[in-house]
Structures are given as C-alpha cells and as structure tokens.
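Residue numbers (my numbering), protein chains in the order written: chain F, 14 to 163; chain S, 14 to 163. Structure record follows, encoded as structure tokens.
2 protein chains.
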Amino acid sequence: MKPEETIDFHIRWAWSKISKAYNNEAAKNGGTMAIGYVLLNIDKDGTPSTKLGPRMGMEPTSLSRILKSMEDLKLIKRIPDKNDKRIVKVTLTSKGIEMREVSKNVVIRFNSLVSENIEQKKLETCFEVLQQINMLLETNIFEDQTIRVN
Amino acid sequence: MKPEETIDFHIRWAWSKISKAYNNEAAKNGGTMAIGYVLLNIDKDGTPSTKLGPRMGMEPTSLSRILKSMEDLKLIKRIPDKNDKRIVKVTLTSKGIEMREVSKNVVIRFNSLVSENIEQKKLETCFEVLQQINMLLETNIFEDQTIRVN
C-alpha cells in the first residue's frame, strides 16, 4: 500500500496545507490559526469557557493556554459569572470582534474558492465520506475490530 | 456559513480523529504518530536526512527534533556518508525495522476498515476532491485572488 493510496495520507496533506495557508494569513494580523478558530467559536454575547473545549474538540490544557495568550493580546476578557463564580464567561473585546470578522472572511474566501473550482456534487460526496470516517473512528477501531459502523 | 458547511471543518475534524487514533495506538508501543510516520518514510536501506523533510512535508527543525528522539529510542542510526561527510544517512535499527512493521500494520488496518465500510467510488471522489484542494492551495490564494486552478 503506497502512501498515495491511503485515505489518511490525503487528509493529512490537505489539512497540513490548509493550516499553513490559514497560519500565514493569521500571521499578517498578528495571530495564529488556532486563535482565529477560537474567535469563531465564541458567541457575540460570550461563551462559558467550559463549553468552548467540547465545541472545538480541544483539550482543556491547550484551550487554557490559548485563552491566556488571547487575553494577553487583548482579544478576549474572562468574566466570572455574577451568580456562580466557578463559571467563567469568555467575551470578545472590540479588537476581538474585529479579528473575529477577519477570521470569518478568511474562511469564507477559502471556501468560496473551493466551491467555485470543485463540482458541488463531488464536494458533497467528499463531506459524506469524511463524516463516515469520523463515525468509523467513534468506535475504537484498534481495540475491537468486531465493531463496525454501517 | 456554519462550520459544518465548510470543507476545512470536515477535514480538520477527520484529521484530528485519525491522529488521535494513531497516537493512541503508537502510545501502546511507546511511540507517537509522528515517529511512526517518519519510520514509514525511511527506506529499508536508509534514506539521506535531507530527503526526509521534503518527502514528509516537514520543517527541518521539527524533523531534526524527532530524529533526535528516535535516536534516543534506538529506532534509527544517523550515519555520515563515507565520501561526503555533509550527507547523513538515516538507517533503521532492528528495533526500528520492527516498529516500522507495527506502524505499517496500523495504517493498513485503518485503511482496510475504511475500504470495507465506504463505497469505493465515493472514496475515489473524495481523494480527487482532496487533491484538487491541494492544487488550489499551491497558488497563494490569499495573496492573489486572480490566480485560479481549473
């Protein structure tokens, strides 16, 4: 089995290129792709920090490291809830709102380029295959090879 | 545009799940996905270190860090070329050869599962779309929006 024949090779390659392009673009605005991704996941009226991790599939330690750097860049504020101080709400500053808009435009530009150049039907099949792969990976494929998703 | 409607969302999600599964599996053997990936890219009779980076799309600093850790784990040896000492050949130890086989089996198992569960025709369309995306990203899409790949 040559690497070019494996699905993971193609997905890895595509993701590595997309993240390079996104990081290049983010660097122009003093950010990173990861920061842009977090910005896009914070609602306009703020989001409890406990909701952010699961929403983005990010580990708590990675998330708290990135929130710290976003606070340093004055993109977000972490505000404890008035009623329950264990809950911290992440809110965007005006600079954060601006950068969120920039991130959004980068994602829209990339996806428009893809839609303009790739047949919609093929794109939908690709979405479907990637979702099926995600479902296959929900089962621990290496632990128990008898479990199969249809 | 919702995240689920963007192609980058699906590719990111799939890659994140694949790399988690690969890392879990590698951890059982005292390795990481990145180590497995390097092992698979070293030829049986060794590969010059300068060829490895481009082959894997890896930056020189990341590559040399990982080669160092693989040397510590006694998976590889770095041997200077007899004729040109600037050239260093990366060769597998017997432990490295064994772990290369383990890595190969993990990749084969995952790809077999995918082939068994997803229609071949759809899978091929997905490969094609991912390749088209890679081609689109060859042009610097954010620098010059007038360049288009057909």
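Beta carbons are placed, not taken as given, at the ideal position from N, Cα and C, and that holds for glycine. This one's a predicted model, so the numbers in the text were calculated from it and none came from an experiment.
- When the Cα of glutamate 132 of chain S is compared with those of F:Ile110, F:Glu114, F:Ile146, which residue comes out closest? F:Ile146
- Alpha-carbon spacing of lysine 57 of chain S relative to glutamine 144 of chain S, whole angstroms: 28 Å
- Message: Quick check on DSSP: helix, strand or coil for isoleucine 48 of chain F?
- Response: helix
- Item | Per-residue DSSP class, three states only, for lysine 30 of chain F | helix
- Could you tell me the distance, in whole angstroms, from the CA atom of lysine 117 of chain F to the CA atom of aspartate 97 of chain S? 51 Å
- Just to confirm, are methionine 83 of chain F and isoleucine 48 of chain F a CB contact at a threshold of 8 Å? yes
- Query: According to DSSP, is isoleucine 100 of chain F helix, strand or coil?
  - Reply: coil
- If you measure from the beta carbon of aspartate 56 of chain F to each beta carbon in chain S, is any gap under 8 Å? no
- Item | Closer than 8 Å to chain S by CB, glutamine 145 of chain F | yes
- Message: If you measure between the beta carbons of arginine 25 of chain S and tryptophan 28 of chain F, is that distance less than 8 Å?
- Response: yes
- Task: Could you tell me whether the Cβ of alanine 27 of chain F comes closer than 8 Å to any Cβ of chain S?
- Result: yes
- Query: In chain order, which alpha helix (DSSP H) runs of at least 4 residues are fully inside the region 39-87 of chain F?
  - Reply: 46-54, 62-69, 73-85
- Task: Verify the contact flag: arginine 68 of chain F, CB atom, against every heavy atom of the ligand ATP, threshold strictly below 7 Å.
- Result: The ligand ATP is not part of this structure, which contains no ligands at all.
- Query: Using a C-beta cutoff of 8 Å, does valine 142 of chain S count as contacting chain F?
  - Reply: yes
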